[in-house]
Each structure stands twice: as structure tokens, then as C-alpha cells.
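All letters in the sequence shown, in the order written, are residues 5 to 370 by our numbering. Scroll down for the structure; my scribbles are underneath it.
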Amino acid sequence: MNRDQIVVRTSIIGIVTNIILVIFKMAVGVITNSIAIILDAVNNLSDAGSSIITIVGTKLATKKPDKKHPFGYGRIEYLTSLLISFIILYAGITSLIQSVDKIIHVEEVDYDAVSILIIVVAIIVKFLLGTYVKKTGEKINSLALINSGEDAKLDSIISITTLIAALVYIFFKLKIEAHLGVLISLVIIKSGIEMVTVTLSKILGETADKDIIKNVKQTIGEFEEVRGAYDLILSNYGPDKYIGSVHIAVDDTISVDELDSLARNITDVVAEKHNIFISAVGIYSLNTKNEKVKNILNEIKNIAMANEDVKSVHGFYLNDEKKEIRFDLVVKFEAKDRERVFSDTIEKIKDKFKDYSVIAAMDSDF
Numbered sequence: 005m006n007r008d009q010i011v012v013r014t015s016i017i018g019i020v021t022n023i024i025l026v027i028f029k030m031a032v033g034v035i036t037n038s039i040a041i042i043l044d045a046v047n048n049l050s051d052a053g054s055s056i057i058t059i060v061g062t063k064l065a066t067k068k069p070d071k072k073h074p075f076g077y078g079r080i081e082y083l084t085s086l087l088i089s090f091i092i093l094y095a096g097i098t099s100l101i102q103s104v105d106k107i108i109h110v111e112e113v114d115y116d117a118v119s120i121l122i123i124v125v126a127i128i129v130k131f132l133l134g135t136y137v138k139k140t141g142e143k144i145n146s147l148a149l150i151n152s153g154e155d156a157k158l159d160s161i162i163s164i165t166t167l168i169a170a171l172v173y174i175f176f177k178l179k180i181e182a183h184l185g186v187l188i189s190l191v192i193i194k195s196g197i198e199m200v201t202v203t204l205s206k207i208l209g210e211t212a213d214k215d216i217i218k219n220v221k222q223t224i225g226e227f228e229e230v231r232g233a234y235d236l237i238l239s240n241y242g243p244d245k246y247i248g249s250v251h252i253a254v255d256d257t258i259s260v261d262e263l264d265s266l267a268r269n270i271t272d273v274v275a276e277k278h279n280i281f282i283s284a285v286g287i288y289s290l291n292t293k294n295e296k297v298k299n300i301l302n303e304i305k306n307i308a309m310a311n312e313d314v315k316s317v318h319g320f321y322l323n324d325e326k327k328e329i330r331f332d333l334v335v336k337f338e339a340k341d342r343e344r345v346f347s348d349t350i351e352k353i354k355d356k357f358k359d360y361s362v363i364a365a366m367d368s369d370f
């Protein structure tokens, strides 16, 4: 069973389970006149809607690339997840308004053994469903399923508070369900905001997972001709779909045809081992014909690394004929003023090597 089939199957299980819970909870809520149970039922209904949206989004995301969208439609899954997050946020805000209204306008409630039993069953079912959906989402890297699973587990907590309200009323005749409704609503709103934030971050574009970067660079570094892999940029076009570029350092004695063959081999091996398409392989040429290069490079590294906001120096090349020194300087994103760190460092290097033209580029810590 492929990834898309797993998403659809998991979502259908969620839809069926939530619809059954909606029917039972709504019936109990109306009979007992419990706003907490009714809100719980409405929340289950929104969960069923979220699962439907997940299925539709998954189907749209599998559309083949075309002229207008040559990288495919995989990012639709993130939009699906964002929509689910907004539904959860809306449900929380609506619940908050209704709960506050119930605090102002108090109504009678009437719990019985049947309603208590259904609430307990709902707690167990939603917790098991949430755990299953979330674990499935994590396994296949589906943010929509992860959000749906997290929401279902949150529902089980909501049902627990409903159970507490019912038990408090039965034993102490205290009406706290509307107040618990406010608490439930705030938890839902908080969860919705967090989900929106996470999803928006995915849409904006995040740094790829550190393990993925490490493994890809390690694979590239295993080629005999490669002296180092730098500037690995991976752009995400949907879950588990990366397209990227990389710079490799090679000896300046390598021929053009050898370089062409190397770049093609790197692209093929990375695609086969990591399912990542490297669209471009840039080249850093390493001096092998000039003995003083190593000493100059070490001096430049010492100057640069003296600043704690400088992460590394790479892509170094010295041209004695033109009296040029070229390299990339990686400045940390955490630096308060990255441009200032870069300019100050380059000025110090220029002062040290006044006979050379220093050509440097500020690189980002991708």
C-alpha cells in the first residue's frame, strides 16, 4: 500500500469513527441539556470534516507535474493541513463564545448512567484513534494526519473534562461544565494557533532536516574525486519531495569530461539513495599546484573564525597570476548584524593580504 492509499484509509477510519461519536454525543447532549457534551459532538463533526479535507488534499497533491507547475502539486498537502488548523481554531473560538454565554445564562443539566458511559467510551475511542492517526502521519510524513491525530487526542482530554463536570454535578450538584467549556475552548484555540504556526513555517520554507542534510553530504563525500560538499540547498515541494543544489570541491587537475561524469553520477546516486533530485552541481576548484595556498588558507581561517558569528570558510581559490583570493564566508543566522560581521571580517583579511584582491561572498548556513 503506497503513501496516498495509507492517508485515505486512515482518514476514512477517522470519518466513520467521528460520525458515530457525533450521533451518540449529540443525542446525549440534547437529552441532558449539556453544552459541554454538545460542544464535544460539534468538535467531532469538525474532525470528520478535517478527514474529508485530508482525502481531497491528498488526491489533489498527487496530480502529475505540468507546464504551469513543473515541480508537481505536493505542497497542496500543506494547504490542506493549514485549512484543518483554521477549522480547529474556529471551533475553539465558537466554543468559547457559547461557553461564556452559558455562564451568563445558566441552564439546567441532567446526567445519567448512560451519558456517563458514552463519555467514557468516547474518551477511550478518541485517544486510541488519535494515537493511531498521529503515528501513521509521522510514519509517512503527513502533516495533515499528524494534525488530525493531535486534534483527536486533544478531544479525549476535552471529553475527560466533560466527564469531570458530569461527576461533579452528580455528587456535589455544582454546575461547572460551562466554566470547563471555557477552559476546553482555550486549549483548542492554543492547539489551533500552534498548528497554524507549524504549517505556515512549512509553507514559507524551512531548513531541511539535519539528518537528511548529513546523509546527503556524506553520500556525495564518498565519491573519490570530491574533497568536500558545501551549500547544500534543499527546496521542499511536498512531504518527502526535495529538489536541490550543491557545491563540491575538487582538485584543479580534474578534466571537464571527468567533472561532467562526476556531476551526473552524484545526481543519480543521491536520487537512488535518498529520493532527492539534485538539479545543479556547482564547482569549487582546489589549488594543487601552489604550495603556499595551504598556509594562506589557514591564515584566512584563523582571522575569520576569531569571530564567533563566523561558521566556516570554504570554496577557497588563489590565483597568483591575477593576484586574486576567492572564498565563501558562512555567517550564522543568529548574528545580530550579519552584514557587519561579514564586512568587518573581510576588511581584516584585506589588511593582511594587501597584495591580493579579495573577492568573497557571504554564504548562509543552509
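Every residue, glycine too, gets a C-beta built ideally from N, C-alpha and C.
Cβ-based neighbour list, residue i, same chain, cut-off 7 Å, excluding 5 preceding and 5 following
{"i": "Ile75", "result": "The residue asked about is misnamed: residue 75 is Phe in this sequence, not Ile. Around Phe75: Pro69, Tyr241 and Ile247."}
{"i": "Ala284", "result": "Ser249"}
{"i": "Asp244", "result": "Asn145 and Asn279"}
{"i": "Leu266", "result": "Phe227 and Glu229"}
Nearest to residue i (by Cα), restricted to the options the options
{"i": "Val274", "options": "Asn299, Asn323 and Ile217", "result": "Ile217"}
{"i": "Thr14", "options": "Glu112, Lys327, Lys214 and Glu142", "result": "Glu142"}
{"i": "Tyr321", "options": "Asp355, Asp255 and Thr165", "result": "Asp255"}
{"i": "Val202", "options": "Leu187, Gly232 and Ser146", "result": "Ser146"}
{"i": "Asn299", "options": "Tyr288, Asp348 and Phe357", "result": "Phe357"}
{"i": "Ala233", "options": "Leu86, Ser289, Thr98 and Asp116", "result": "Ser289"}
{"i": "Val78", "options": "Leu301, Val60, Ser89 and Ile91", "result": "One detail in the question is off: residue 78 reads as Gly in this sequence, not Val. Out of Leu301, Val60, Ser89 and Ile91, Val60 has the C-alpha closest to the C-alpha of Gly78."}
{"i": "Leu93", "options": "Asp264, Ile193 and Thr135", "result": "Ile193"}
{"i": "Glu338", "options": "Gly33, Lys326 and Asn311", "result": "Asn311"}
{"i": "Glu210", "options": "Asp369, Asp348 and Gln9", "result": "Asp369"}
{"i": "Leu301", "options": "Asp359, Ile329 and Asp215", "result": "Ile329"}
{"i": "Ser163", "options": "Val220, Ala45, Glu81 and Leu236", "result": "Ala45"}
{"i": "Ala156", "options": "Lys139, Ile174 and Phe131", "result": "Phe131"}
Cβ separation of residue i and residue j, assumed to be a contact under 8 Å, to the nearest whole Å
{"i": "Leu121", "j": "Val137", "result": "In fact, because the Cβ distance is near 24 Å, the residues do not count as touching under 8 Å."}
{"i": "Leu158", "j": "Val191", "result": "7 Å"}
{"i": "Leu184", "j": "Ala169", "result": "5 Å"}
{"i": "Ser119", "j": "Thr36", "result": "5 Å"}
{"i": "Leu86", "j": "Val200", "result": "7 Å"}
{"i": "Val20", "j": "Leu49", "result": "Rounded, the Cβ-Cβ distance is 13 Å, inconsistent with contact."}
{"i": "Lys327", "j": "Asp359", "result": "6 Å"}
Beta-carbon proximity check, residue i vs residue j, cutoff 8 Å
{"i": "Thr58", "j": "Ser152", "result": "yes"}
{"i": "Lys315", "j": "Val334", "result": "yes"}
{"i": "Asn47", "j": "Ala95", "result": "yes"}
{"i": "Asp367", "j": "Lys336", "result": "no"}
{"i": "Lys354", "j": "Val362", "result": "yes"}
{"i": "Leu171", "j": "Val124", "result": "no"}
{"i": "Ile282", "j": "Ile270", "result": "yes"}
{"i": "Gly53", "j": "Ile10", "result": "no"}
{"i": "Ile180", "j": "Tyr82", "result": "no"}
{"i": "Thr349", "j": "Thr292", "result": "no"}
{"i": "Leu204", "j": "Lys221", "result": "no"}
Beta-carbon proximity list for residue i, same chain, < 6 Å, skipping 5 on both sides
{"i": "Ala212", "result": "Leu238"}
{"i": "Ala365", "result": "Asp332"}
{"i": "Ala253", "result": "Arg231, Gly232, Tyr288 and Leu290"}
Residue i beta carbon near the ligand FAD (any heavy atom closer than 7 Å)
{"i": "Lys206", "result": "Of the ligands one can find in the structure shown there are none, so the ligand FAD has no counterpart to examine."}
Fill in: Runs of beta strand (DSSP E) wholly within the region 281–340 (minimum 3 residues, chain order)
314–323 and 328–335
Worksheet item: Whole alpha helix (DSSP H) runs in the region 130–198 with 4 or more residues, listed along the chain?
Response: If we require 4 residues or more, the alpha helix (DSSP H) runs fully inside the region 130–198 come out as 147–176.
Discussion item. Ignoring anything shorter than 3 residues, give me the beta strand (DSSP E) runs that lie fully in the region 220–276, in order along the chain.
Written reply: 232–240 and 246–255
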